[in-house]
Amino acid sequence: MTLSMSIPVNLWHWFDGSKFNEYSILSSTWLKRRNFLVEKIKDADVFGIVIASLNIKDYLKITEMLKQILKKMNKKIYLFNVGKITPTKLANFQEVDIFVAVTCPESSLIDSRDYFKPIVTPFEVDLAFNAGRAYSAYHAIDFKQILPGGSKYEEFQVSTDTDVSLTSGKLRTLEDNCLTNENSALTPKSLGVMANTQIDTNFLQSRSWSGLEQKLGESSVSLAVDGRTGIPTNYTNEQL
1 MTLSMSIPVN LWHWFDGSKF NEYSILSSTW LKRRNFLVEK IKDADVFGIV IASLNIKDYL
61 KITEMLKQIL KKMNKKIYLF NVGKITPTKL ANFQEVDIFV AVTCPESSLI DSRDYFKPIV
121 TPFEVDLAFN AGRAYSAYHA IDFKQILPGG SKYEEFQVST DTDVSLTSGK LRTLEDNCLT
181 NENSALTPKS LGVMANTQID TNFLQSRSWS GLEQKLGESS VSLAVDGRTG IPTNYTNEQL
């Protein structure tokens, strides 16, 4: 299937040792899944760029390119370096809507069904937001192909057309992706620090646990007492 993504042909014939089979990328489950992920990318507000390894060539270039694209679309960005990508690691970042995996070509296609949030490739982000890139079944597994100078590079253009989300049914307009004077207002702080006055409190309110509460004056004060002694497998106050 990987070969069929990078070579634009309508029908493939392959031999499994006993008979010939046909495979079409246009009717494949993978292409339907990619179309769904492209819609999720357009709907997402918070993106997490996940760097799987620092040994990947040009990972800084693709990371900077992704940041520039997402900033132009007014998306919030988090940058992670987690090593091997696992569902347990990424589940710690509930505020992220979409993860973008920066990996080597051999491991770029990640089945994110077992993950808390979808994982996409840099090419899918460019396909979703770049109006200058024509839609096709082609898929750049190697992100170096979409970098400036690459064989599949397309200069980024912001779309001005009104779009309809195929997952939520809501309208997506240019105003939704552009900064307004109110949202981008900056407040001068002491020592010359500038702070953004826009705070996303909706996510914190939706969390079941948002941090420790001091409850000053509400908790009764008590003296310190002796705790347990021993080792975890055999405390002195526990009977085996």
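Counting along the sequence shown from 1, when you hit position 58 you're at 58 in full-length UniProt numbering, and nothing is skipped either side.
We put the beta carbon where it would ideally sit given N, CA and C, even for glycine.
- Between the alpha carbons of residue 83 and residue 232 lies a gap of roughly 32 Å.
- Counted as a single uninterrupted DSSP element, the stretch harbouring residue 96 is not any beta strand (DSSP E), since DSSP gives it neither H nor E.
- Around the beta carbon of residue 22, fewer than 16 other beta carbons lie within 10 angstroms, which makes this residue exposed.
- Counting the other Cβ atoms within 10 Å of the Cβ of residue 48 gives 16 or more, which makes it buried.
- Along the segment 105 to 146, the alpha helix (DSSP H) occurs as fully enclosed runs of 4 or more residues at 122 to 129, listed in sequence order.
- If you draw a straight line from the Cα of residue 66 to the Cα of residue 125, it is about 8 Å long.
- As the crow flies, the alpha-carbon of residue 73 is around 8 Å from that of residue 129.
- Between the beta-carbon of residue 110 and that of residue 85 there is about 7 Å, and that keeps the pair under the 8 Å contact cut.
- Among the bridge pairs identified by DSSP, residue 76 is matched with 46.
- Here the C-alpha atom of residue 104 lies approximately 31 Å from the C-alpha atom of residue 165.
- In the structure shown, the three-state DSSP call for residue 22 is strand.
- Judged by DSSP in its simplified three-state form, residue 102 adopts strand.
- Per DSSP, residue 152 lies in no alpha helix (DSSP H) segment and is marked neither H nor E.
- At a Cβ-Cβ threshold of 8 Å, residue 77 and residue 70 count as neighbours.
- Just measuring C-alpha positions, the residue of 168, 45 and 53 sitting nearest residue 102 is 53.
- Relative to residue 158, the option among 37, 42 and 13 whose CA is nearest is 42.
- Burial of residue 90 is indicated by the presence of at least 16 other C-beta atoms within 10 angstroms of its C-beta.
- Boundaries of the alpha helix (DSSP H) harbouring residue 87: 87 to 90, taken from the DSSP string.
- By the neighbour-count definition (other C-beta atoms within 10 Å, threshold 16), residue 225 is an exposed residue.
- Close CB contacts of residue 140 within its chain, under the 6 Å cut and outside five residues either way in sequence, are with 123, 146 and 152 (chain order).
- Inclusion of residue 118 and residue 40 in the CB contact set at 8 Å is warranted, their separation being smaller than that value.
- By the C-beta density criterion, residue 142 is buried, having at least 16 other C-beta atoms within 10 angstroms.
- Sixteen is the threshold: since fewer than 16 other Cβ atoms of the shown chains lie within 10 Å of the Cβ of residue 228, the residue is exposed.
- When DSSP states are grouped into helix, strand and coil, residue 56 belongs to the coil group.
- Contact between residue 24 and residue 11 is confirmed by a C-beta separation of about 5 Å, below the 8 Å threshold.
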